[in-house]
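First comes the structure, then the notes that go with it.
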Amino acid sequence: MGRRGAKQFAGLTGVRRKGHIVSEEPRRRISRRAFLRNGAILGGALIAGGIGYRHLHNHLGRDFNPARATAYLDGIRRSDDVGALPNIIVILVDDLGYGDLDPQPIDTPNLDRMAAEGVRLTSFYASASLCTPSRAGLLTGRYPVRTHMTNPLYPSGHPMNLLMDVLGRYAYSVRGIPQDEVLLPEVLSRRGYCTG
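Per the numbering used here, the very first residue in the sequence shown carries number 755; after that it's consecutive.
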C-alpha cells in the first residue's frame, strides 16, 4: 500500500502511526463496591423470579375445583340399557418395539384377535412422550401440563425420586393427579360401565 493509500486508510479507520488503534474513549473500570452491589441485585432478582415462577407453576392450569367436578359428574345420565353399551378395552403400552406384536417372533393371538374384531384408530396421538404424562392425559382427557403431570413419577423412597427432587426436575409440588380431576373411569362408571 502506498503513502496515499495508507493515509486514506488511517483517516477512515482511526489508525494512526504504525497501525496503532487509538481509542476514542478510555475504558472505565467498575469498582469492587459497584460490582458487589450489582451482583447482589442480580442474584436477588434471580431468586425472586425463581420463587415466583415456581409458585405460579403450581397454580397454572388449576381451573378445576371439587364443586365443578361433582356438578359435571352429576350431569352424566346413566344408560337405560347397560347391557347394550359397547365394550371398551384400552391398552396403553410403554416402550413398545416394532418386534413386540405378531407377525414377529412373539406370538400374541389374543391381542391379534382383539385388533381384528375391534375399532382401528389410525389418527390418535399420545398426549406426551413419557409414561406418566401420557397416562395422565388418557385418564383425564386434558393436556398433562394442566394436571401438573409433566415428568415421570417414581414411587416414594425410589432413588430416582430423590435425584429428581435434588435436581429440581419436578416443576410442580404435585405428586400424582390432583383429587379434583374428573377421570375417564369415573365418567364411564356414571354411565353404567364396570371399570377396572
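C-beta: ideal position from N, C-alpha, C; glycine also.
Quick caveat, the model's predicted, so the values are computed rather than measured.
Reduced DSSP secondary structure (H/G/I, E/B, other) of residue i
{"i": "P932", "result": "coil"}
{"i": "A764", "result": "Here the model assigns A764 a pLDDT of 49, short of 50, so the residue's position is not dependable and the matter cannot be decided."}
{"i": "M918", "result": "helix"}
{"i": "P913", "result": "helix"}
{"i": "T824", "result": "helix"}
{"i": "L907", "result": "coil"}
{"i": "S888", "result": "helix"}
{"i": "G952", "result": "Because the chain is modelled from 755 through 950, residue 952 falls outside the range shown and cannot be assessed."}
{"i": "V844", "result": "coil"}
{"i": "L942", "result": "helix"}
{"i": "A880", "result": "coil"}
{"i": "P898", "result": "helix"}
{"i": "N792", "result": "helix"}
{"i": "L937", "result": "coil"}
{"i": "L850", "result": "coil"}
{"i": "R783", "result": "coil"}
Between the CA atoms of residue j and residue i - distance to the nearest angstrom
{"i": "L846", "j": "G891", "result": "11 Å"}
{"i": "R954", "j": "Y908", "result": "Examination of residue 954 is not possible in this model, given that the chain is present from 755 through 950 alone."}
{"i": "A788", "j": "L796", "result": "12 Å"}
{"i": "T824", "j": "L937", "result": "12 Å"}
{"i": "S888", "j": "L850", "result": "14 Å"}
{"i": "A794", "j": "T886", "result": "39 Å"}
{"i": "M918", "j": "D834", "result": "48 Å"}
{"i": "Y826", "j": "V920", "result": "39 Å"}
{"i": "I805", "j": "G798", "result": "11 Å"}
{"i": "C948", "j": "P913", "result": "37 Å"}
{"i": "R836", "j": "L916", "result": "Looking at the sequence shown, residue 836 is not Arg but Val. Approximately 46 Å between the Cα atoms of the pair."}
Limits of the alpha helix (DSSP H) - the one that residue i falls within
{"i": "N864", "result": "P863 to E871"}
{"i": "A838", "result": "No alpha helix (DSSP H) holds A838; DSSP gives it neither H nor E."}
{"i": "C948", "result": "Element bounds for C948: n/a, residue is neither H nor E."}
C-beta atoms of residue i and residue j nearer than 8 Å
{"i": "R832", "j": "G911", "result": "no"}
{"i": "T894", "j": "E935", "result": "yes"}
{"i": "T901", "j": "P932", "result": "yes"}
{"i": "P863", "j": "L884", "result": "no"}
{"i": "P898", "j": "S877", "result": "no"}
{"i": "R944", "j": "I801", "result": "no"}
Exposed unless 16 or more other CB atoms sit within 10 angstroms - verdict on residue i
{"i": "S785", "result": "exposed"}
{"i": "P840", "result": "exposed"}
{"i": "R867", "result": "exposed"}
{"i": "G950", "result": "exposed"}
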